[in-house]
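The end of the sequence shown is residue 647 by our numbering, with every number in the run present.
Ideal Cβ positions, reconstructed from N, Cα and C, are used throughout, including at glycine.
Predicted model, so just to flag it, every value in this text is computed and none were measured.
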Amino acid sequence: MQPTNFDILYEQGPCLAVLKPGGLLTQAPPEIDSLELRVKQFIKLRDDKPGRVYLGVPHRLDRPVSGVLVLAKHVRAARRLCDQFQDRSVRKTYWAYVAGKIEADTGTWIDYVRKVPDQPRAEVVAADHPDARQAVLNYLVLRRDERGTWLEIKLETGRMHQIR
Numbered sequence: 484m485q486p487t488n489f490d491i492l493y494e495q496g497p498c499l500a501v502l503k504p505g506g507l508l509t510q511a512p513p514e515i516d517s518l519e520l521r522v523k524q525f526i527k528l529r530d531d532k533p534g535r536v537y538l539g540v541p542h543r544l545d546r547p548v549s550g551v552l553v554l555a556k557h558v559r560a561a562r563r564l565c566d567q568f569q570d571r572s573v574r575k576t577y578w579a580y581v582a583g584k585i586e587a588d589t590g591t592w593i594d595y596v597r598k599v600p601d602q603p604r605a606e607v608v609a610a611d612h613p614d615a616r617q618a619v620l621n622y623l624v625l626r627r628d629e630r631g632t633w634l635e636i637k638l639e640t641g642r643m644h645q646i647r
């Protein structure tokens, strides 16, 4: 385990913003490496904390994704952050590099997805599938090159693995 393989971008009071590297789980059982475990270990060592360290994780990023996560060092702060994510008062912006050239400078993609039973993944299905849930995102082309397109993405829905 590499407890410092992440960057703390901002920390004030009970909240911190951490850059999660791609390839690392956000959360996992204690015996499996994760960003949550690394940040807890870092805080324990840095602050010389006895016992267990609390860390609230009000949102997650998928394993292959790098990006900023807002975490809480106290239960009350975690509760408030969770409420803000639930009522969508937090604005989330994603940047993605996709293969191929997206012609329209802006657009909306609508897909239908379902969670695959007993597996930690989702799949695209037909709109009339009994488990289908609508997944909507808006995109803005940031840049195109010979291999692909950089997009800024804003989700209207927050479905599992929606951007994939």
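Host beta strand (DSSP E) of residue i (start-end)
{"i": "D594", "result": "589-598"}
{"i": "Q495", "result": "490-495"}
{"i": "V553", "result": "550-555"}
{"i": "L502", "result": "498-503"}
Range covered by the alpha helix (DSSP H) that runs through residue i
{"i": "A618", "result": "It is not in any alpha helix (DSSP H) - A618 instead sits in the beta strand (DSSP E) that spans 616-627."}
{"i": "Q524", "result": "518-529"}
{"i": "A582", "result": "From DSSP, A582 is part of no alpha helix (DSSP H) but of the beta strand (DSSP E) over 577-582."}
{"i": "A609", "result": "That residue, A609, is in no alpha helix (DSSP H); it is neither H nor E in DSSP."}
{"i": "A561", "result": "558-569"}
Length of the line joining the Cα atoms of residue i and residue j
{"i": "P613", "j": "T640", "result": "18 Å"}
{"i": "W633", "j": "K575", "result": "17 Å"}
{"i": "T589", "j": "V624", "result": "6 Å"}
{"i": "R604", "j": "R597", "result": "9 Å"}
{"i": "S549", "j": "I636", "result": "15 Å"}
{"i": "Y493", "j": "A560", "result": "15 Å"}
{"i": "H542", "j": "A610", "result": "27 Å"}
{"i": "Q524", "j": "R535", "result": "9 Å"}
{"i": "E514", "j": "D530", "result": "23 Å"}
{"i": "Q602", "j": "A511", "result": "15 Å"}
{"i": "V608", "j": "V599", "result": "11 Å"}
{"i": "R571", "j": "G496", "result": "23 Å"}
{"i": "T509", "j": "N488", "result": "13 Å"}
Contact check, residue i vs residue j, beta carbons under 8 Å
{"i": "L528", "j": "D516", "result": "no"}
{"i": "G539", "j": "L520", "result": "no"}
{"i": "I646", "j": "Y577", "result": "yes"}
{"i": "A454", "j": "G631", "result": "Absent from the structure is residue 454, since the part of the chain shown begins at 484 and ends at 647."}
{"i": "V522", "j": "Y537", "result": "no"}
{"i": "R627", "j": "K584", "result": "yes"}
Residues sharing a beta bridge with residue i, DSSP
{"i": "K637", "result": "N621"}
{"i": "A605", "result": "K598"}
{"i": "G631", "result": "A582"}
The ligand FMN heavy atom lying under 7 Å from the CB of residue i
{"i": "R535", "result": "You won't find the ligand FMN in this model; it holds no ligand whatsoever."}
Would you call the region 539-555 and the region 501-510 in contact, with 3 or more CB pairs under 8 Å?
yes
Three Cβ pairs or more, each shorter than 8 Å: is that satisfied between the region 617-626 and the region 592-599?
yes
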